[in-house]
Amino acid sequence: GNTIIFFLAGALTGNCMAHMVWQDYLHLLVLYIVTTLIRGLIIGLSCPILKFLSPDKKPVSLAEAIIMTWGGLRGAVGLALAIQVSAERAGGILPEDDARRVLFYTGGIATLTLVVNATTCPMLVKALG
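Printed below as a string of structure tokens:
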């Protein structure tokens, strides 16, 4: 399941890259940073709920919140939706360039979280104790 989605998304995203300009790559980097910050904000806002739901009412530590923020990978579901948007173009309503960008940004963020976040998470866990 996931292997097919990642393979297809990789092939289609590679094709989209030929149509991207340097601003799209800059936007991808900004989106990657913003999605990470938003995840951190949501985790921070969820900490009181997580404490309440915890059997021992133990609060989430700052280190745990940072690891949850950094360790959150984006993947198959977002890629599957982006492939569908790219293929269907919202029933022809979405311009082809915009459909390509949806796939490019989604594939790029998934790739960045796998390449950057996943590879550095063990070091972060070790550094935070």
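Residue numbers (full-length UniProt numbering): 1 to 129.
Beta carbons: idealized from backbone N, C-alpha and C, even for Gly.
Between the C-alpha atoms of residue 65 and residue 11 there is a straight-line separation of about 34 Å. One alpha carbon belongs to residue 73, the other to residue 44, and they sit about 17 Å apart.
The DSSP-derived three-state label of residue 24 is helix. Shown here for residue 89: same chain residues with a beta carbon closer than 7 Å to its own, the five before and five after excluded, namely 96, 99 in chain order. A check of alpha carbon separations from residue 104 across 15, 2, 3 identifies 15 as the nearest. Counted as a single uninterrupted DSSP element, the alpha helix (DSSP H) harbouring residue 69 occupies residues 62-71. Exclusion of the five residues before and after residue 80 leaves 5 as the residues of its chain whose Cβ lies within less than 6 Å of its Cβ. Around the CB of residue 102, 16 or more other CB atoms lie within 10 Å, so the residue is classed as buried. Cβ neighbours of residue 112 within its own chain (closer than 7 Å, five residues either side excluded): 32.
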